[in-house]
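Trainee:
Residue numbers (UniProt numbering): 1 to 243.
1) Run the CB neighbour count on residue 244, radius 10 Å, all protein chains shown included, and call it buried at 16 or more, exposed below.
2) Would DSSP call residue 161 helix, strand or coil?
3) If you draw a straight line from the C-alpha of residue 182 to the C-alpha of residue 68, how long is it?
4) When DSSP labels each residue in this structure, what does residue 107 get in the three-state scheme?
5) Closer than 8 Å is the cut-off here; do at least three beta carbon pairs connect the segment 33-53 with the segment 78-89?
6) Just checking, does the segment 8-21 make contact with the segment 140-149 on the three C-beta pairs under 8 Å criterion?
7) For residue 6, count neighbouring Cβ atoms within 10 angstroms of its own Cβ and tell me buried if that reaches 16, exposed if not.
8) Taking 7 Å as the line, does the beta carbon of residue 176 fall inside it for any heavy atom of the ligand MN?
9) In three-state DSSP terms, what is residue 210?
10) With distance defined between alpha-carbon atoms, name the residue in 95, 228, 35 and 30 nearest to residue 59.
11) So, are the CB atoms of residue 167 and residue 198 less than 8 Å apart?
12) Would you check if there are 3 or more beta carbon pairs closer than 8 Å linking the segment 94-112 to the segment 227-243?
13) With distances taken from CA atoms, which of 225, 174, 8 and 223 is nearest residue 76?
14) Measure how close the beta-carbons of residue 41 and residue 71 come, nearest whole angstrom, since I'm counting them as under 8 Å.
15) Where does residue 20 fall in DSSP's three states?
16) Could you check whether the segment 154-171 touches the segment 195-211, counting it as contact only if at least three pairs of C-beta atoms, one from each stretch, sit closer than 8 Å?
17) Measuring CB to CB, does residue 186 end up less than 8 Å from residue 224?
18) Kindly give me the distance between the Cβ atoms of residue 173 and residue 211, rounded to whole angstroms, as I take these residues to be in contact under 8 Å.
Printed below as a string of structure tokens:
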């Protein structure tokens, strides 16, 4: 039986951690350090009472003290919060799906040697490919915060680098993050090759499941994950206050 959404969100945070978390007045507040929305958004704690306008304002003020714009992540079961945020003028942003698969189902029988390089330390070439896709120092810092076991992956097509990713394991779940394929190498199987390598890493680190988060606007990635047989386990989106 695949992991429950709460378990997937826990693994997502463990393997892509914020710089700091504070649980306060029914909220989990995250200091992201510029590492993107996922590590910066506030979420409602599962056992908290329904949020009200004063609570939303207090959470927004706490984020402002960190120099962050008000940002909330809304998950299944947060419908009342979602409606309240909409009433308060927060706009919906980045609908996202969490895909999951049994790692064994993503393995292939091709040897990694010469096709995929894996290592605990990233090399400059990986950073260059990420930089071309808009992944800079702040998100690299997120990866550095992730505990082991973790790995950086670089896929090759022929004698050329093609794609990169980061993966880390939290218990029975390996999450893969920051999948980036060079524009000239897309639709040639580079991302599929990385998924197989990440699945092998999952097995080696004792994880049964491989999972990832992908925005709905990234239709090409979503189509690939569906072709690989991955299932949408849950969804979330953000509510942001326009500047």
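Yeah, the Cβ is synthetic: ideal placement off N, Cα and C, and Gly gets one too.
From a predicted model like this one, the values you see are computed outputs, not experimental measurements.
Mentor: So, to answer that:
1) This structure gives no information on residue 244, because the portion of the chain shown stretches from 1 to 243.
2) As a position in the chain shown, residue 161 is number 161, starting the count at 1. Of the three classes helix, strand and coil, the one that applies to residue 161 here is strand, per DSSP.
3) Taking the chain shown and counting its residues from 1, one reaches residue 182 at position 182. Taking the chain shown and counting its residues from 1, one reaches residue 68 at position 68. Cα to Cα, the separation comes out at about 31 Å.
4) The sequence position of residue 107 within the chain shown is 107, counting from 1. In this structure, residue 107 counts as coil in the three-state DSSP scheme.
5) yes
6) yes
7) Position 6 of the chain shown holds residue 6. With fewer than 16 Cβ atoms within 10 Å of its Cβ, residue 6 is classed as exposed.
8) This structure simply doesn't include the ligand MN, nor any ligand for that matter.
9) Position 210 of the chain shown holds residue 210. Residue state, collapsed to three classes: strand.
10) Numbered from its first residue, the chain shown carries residue 59 at position 59. It is 30 whose Cα lies nearest to the Cα of residue 59.
11) As a first step, residue 167 is located in the chain shown; it is residue number 167 there, counting from the start. As a first step, residue 198 is located in the chain shown; it is residue number 198 there, counting from the start. Yes, the Cβ-Cβ distance between residue 167 and residue 198 is below 8 Å.
12) yes
13) Translated into positions along the chain shown, residue 76 becomes position 76. Out of 225, 174, 8 and 223, 8 has the C-alpha closest to the C-alpha of residue 76.
14) Start at 1 with the first residue of the chain shown, and residue 41 comes out as number 41. Start at 1 with the first residue of the chain shown, and residue 71 comes out as number 71. Confirmed, Cβ separation roughly 5 Å.
15) The residue given as residue 20 occupies position 20 in the chain shown. DSSP places residue 20 in strand when its eight states are reduced to three.
16) yes
17) In the chain shown, counting from the first residue as 1, residue 186 sits at position 186. In the chain shown, counting from the first residue as 1, residue 224 sits at position 224. Their beta carbons are not under 8 Å apart, which means residue 186 does not touch residue 224 by this criterion.
18) On the chain shown, position 173 is the one that residue 173 refers to. On the chain shown, position 211 is the one that residue 211 refers to. Correct: roughly 6 Å between the Cβ atoms.
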